[in-house]
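Sequence lines, in order, name chains A and B.
Basically our numbering = 1-based index in the first sequence + 71.
With the first letter of the second sequence counted as 1, position 150 gets the number 147 in our numbering; the numbers rise by one all the way through.
First the structure, in the form of structure tokens, and then the observations on it.
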Amino acid sequence: MSYESVRVTDATGKNYGAKTTDTGQLVVQARQSARDANALGNAYSVVTEIDSNAADGDFFYMRNTNAVMDLVIHKIRIQTGSVDTPVDIKVGCTGTPTSGTAIIPTTLKCGSGKQADVDCQYRIADMALTGGFVVDTLYVDKDFVGTQAFEWPAGIIVPPNTAMLLNSSADPTADIEIVLFFHFRPAE
Amino acid sequence: MNESVYIQDATASGGSGVKVTAANQMLVRARHSAADANALGNAYCAVIEADPNGTDQDFIYLKNTHSTMDLCIYKIRMSTGTADIDVDIKLGVTGSTTSGTAVLPTNMNAGSTNAADCTCEYRDEDLALTGGTVTDTLYIDKDFIGEQEFDYPSDIILTPNMALVFNCVAVDPTADINTEIFFYFRPGE
């Protein structure tokens, strides 16, 4: 068996060469997927304040309208002030939102000029979607000091043409303040 | 038949050939972006104490003045002591700051003499920028014990020549807001 010695160099014409260490390690840059997506201008946030105004109220809806890429939710910050409110995250819901108001997510890469391929809506009442299954429940405590933050290292994946919603199982009787972070990644 | 290869160093740094373990794993040194930038002297922290002294006040301004690299914010810490406040982060603001005081971010690598290619300013009043889009709202609770930390797994990116402001939205804090902004520079893509 013959062995050939190779050097790893950039294939895009920049002629950079990869380093190795004196302990025999190839130096690589490992990017967590949200950071990688944002470098390409594919990460976004939604900032909103919604009073779902009902128990079992579907108050936030987001559908992935990208034809080929997965939408990956990696973080939510959430708080409310009057009533402890469990919030279900449901994926795979169907139907058309009732009387929703559109929200346009903002890019997390200032200067990219890109817009998220989503249909994102909220309602201060129940948007009355059907189906779906609960992948997580966020127990939002009115007495929490600060803002509760929830991260998903593996992400919550919403494939193309699939929707998710947030459903409050109690009436919060006040705004639920939400910042939701997501990115797009090629589906596998 | 497949041909085997050794991976050698492609720089003049004197690295060895890459090892493979008895468990058939190639050894790599994987650097997280921020840590990688810091190893190269490109990670910084801006420490700011400012009382916006009103509502709808732009009290912190940060602009990427590097010609080619992205400025990437990966963490913010904030606290205040007198009133609960909402702070909007607005990206893409334009215009010139009004009566700002310059802040010099410090290098997180004590062995580096690099200075951050940015304009960072604060004002105990309104810096009065225009435009921009709210990309995050930080709810700062006066009763929080310690400092609230806000991490961005995706970073918040300012491409070259882009700027942001921190805007104190609806409540006058009537006290300083203590802020640390952690950021690094990375080649733009």
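Even for Gly, the Cβ is constructed at its ideal location relative to N, Cα and C.
{"Check": "Less than 8 Å between the CB atoms is what I'm expecting for A:K146 and B:P150, so what's the real figure, rounded?", "Outcome": "6 Å"}
{"Check": "Since B:R26 meets chain A, which of its residues come closer than 8 Å, beta carbon to beta carbon?", "Outcome": "T92, Q96, L97, V98, V99"}
{"Check": "Mind checking whether B:L88 and B:G128 have CB atoms under 7 Å apart?", "Outcome": "no"}
{"Check": "Shortest alpha-carbon distance to B:S93 belongs to which of B:A47, B:E0, B:L161?", "Outcome": "B:L161"}
{"Check": "At a Cβ threshold of 7 Å, is A:E75 touching chain B?", "Outcome": "yes"}
{"Check": "Would you list the residues sitting across from A:T119 in a DSSP beta bridge?", "Outcome": "A:I249"}
{"Check": "Three or more beta-carbon pairs under 8 Å between the segment 152 to 168 of chain B and the segment 15 to 22 of chain B, yes or no?", "Outcome": "no"}
{"Check": "Determine the direct distance from the alpha carbon of B:T176 to that of A:N238, and round the result to whole angstroms.", "Outcome": "34 Å"}
{"Check": "Any idea what DSSP makes of B:S10, helix, strand or coil?", "Outcome": "coil"}
{"Check": "Relative to the C-alpha of B:A47, which candidate in B:E122, B:I154, B:L135, B:K139 has its C-alpha closest?", "Outcome": "B:E122"}
{"Check": "Is the distance from the Cβ of A:C164 to the Cβ of A:G202 below 7 Å?", "Outcome": "yes"}
{"Check": "Between the Cα of B:Y41 and the Cα atoms of B:Y58, B:N61, B:M105, which residue gives the shortest distance?", "Outcome": "B:M105"}
{"Check": "Once the 5 residues before and after B:T91 are set aside, which same chain residues still bring their CB inside 6 Å of it?", "Outcome": "T127, G128"}
{"Check": "Look at A:V143 and A:I249 and say whether their C-beta atoms are less than 7 Å apart.", "Outcome": "no"}
{"Check": "For B:N46, which residues does DSSP report across the bridge?", "Outcome": "At residue 46 of chain B the sequence reads Glu, which differs from the Asn that was named. DSSP, once it has assigned bridges, lists B:N175 as partnering B:E46."}
{"Check": "Who are the neighbours of B:F141 on chain A, taking C-beta pairs under 8 Å?", "Outcome": "V216, G217"}
{"Check": "Just how far apart, CA to CA, sit B:F56 and B:A125?", "Outcome": "9 Å"}
{"Check": "B:N39 lies in the alpha helix (DSSP H); which residues open and close that run?", "Outcome": "Unbroken run through B:N39: none, as it is neither H nor E."}
{"Check": "Have a look at A:G128 and B:I86 and give me their C-alpha separation to the nearest angstrom.", "Outcome": "29 Å"}
{"Check": "How would you label A:P224, buried or exposed, when you count the other beta carbons within 10 angstroms and need 16 or more for buried?", "Outcome": "exposed"}
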